[in-house]
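Each remark here refers to the structure printed beneath this line.
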Amino acid sequence: MIKIDDLSKIAILVDFDGTITTEDTNIKLMKVYSNDKIQNIRNMYKNGEINFLKLMELEYKEIKITEKEYLKFILEEFHITEGFVQFYNRIKEKNIPFGVVSGGFDNGIKPFLEKYGITDVDIYANSFIFDKDNISVKFYDGGILDCCDFGPCGNCKIRRYEEYKRNNDTVIFIGDGFTDRWVAQIADVVFAKDGLLTYCKDNNIDYIPWNDFHDISELIFGTEK
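For the sequence shown, the working numbering begins at 17 and goes up steadily by one.
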């Protein structure tokens with residue numbers, strides 16, 4: 017177990033795409049529905065011509081999918097990471113403050129979790145607004161440009177972390193990828209895999225590697241008796 021003196025004084029924040037799910041839903045959506053314009057938009061972002069929020073707005077404007085098709089895509093194409101349901105149940109048993117913090121979209125996150133019987137979780141994410149097969153993006157932070165030193169983020173994970181930190185001694189963050197990098201720099205405890213693990217290694221950020229939520233559960237709560 018990691019050293020936590022009092023479980024009543026911790027909170028846990030977890031990323032969604034590639035963390036709760038075994039694949040990133042947004043990356044796969046882009047692969048399936050992508051076109052040549054999206055690559056041009058990404059080149060504009062890489063060249064510093066547009067910021068991250070404009071990147072997302074322009075990319076998803078090119079994706080033609082109805083809300084019904086999107087929901088079917090999320091519920092049929094993706095799987096939950098091993099051990100997450102059991103991990104969440106232990107969090108609930110111990111009344112630990114918990115939130116899903118995502119750079120993705122609650123239109124997919126909520127029904128995906130409901131599929132596995134998880135209906136009472138706090139979700140902090142952006143939203144899609146559907147108009148037939150046209151998509152626009154509603155950002156959780158309302159398009160604020162100066163949310164943190166690394167923004168704009170859309171849904172700033174540093175802001176969400178700071179909100180939980182105000183009322184909890186130790187905030188644990190669990191993640192895997194690009195939008196998790198900045199919060200990993202300040203979190204009390206970081207569980208990292210994949211791209212986030214590499215980022216933590218390269219930037220001398222303390223982290224705990226993980227493969228599935230059984231690993232994390234054992235380290236936080238100990239072996240189930």
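Where a beta carbon is used, it is the ideal one built from N, C-alpha and C, also for glycine.
Check, Outcome
"Tell me whether the beta-carbon of isoleucine 160 lies closer than 8 Å to the beta-carbon of tyrosine 177.", "no"
"Round the Cβ separation of aspartate 192 and aspartate 210 to the nearest angstrom and send it over; I've been treating them as touching at under 8 Å.", "4 Å"
"Quick test of the definition: if touching needs 3 or more C-beta pairs under 8 Å, does the region 65 to 77 touch the region 98 to 108?", "no"
"Cutting at 8 Å between CB atoms, please list the residues of its own chain near methionine 46, excluding the five before and the five after it.", "Ile54, Glu75, Ile79"
"When the distance is taken between beta carbons, is phenylalanine 207 closer than 8 Å to isoleucine 174?", "no"
"Taking 8 Å as the threshold (C-beta atoms), are aspartate 157 and isoleucine 139 in contact?", "no"
"Whole angstroms is fine: what's the gap from lysine 88's alpha carbon to valine 30's?", "24 Å"
"Out of curiosity, what's the CA-to-CA distance linking leucine 212 and isoleucine 224?", "11 Å"
"Per DSSP, what kind of secondary structure is lysine 110 in: helix, strand or coil?", "coil"
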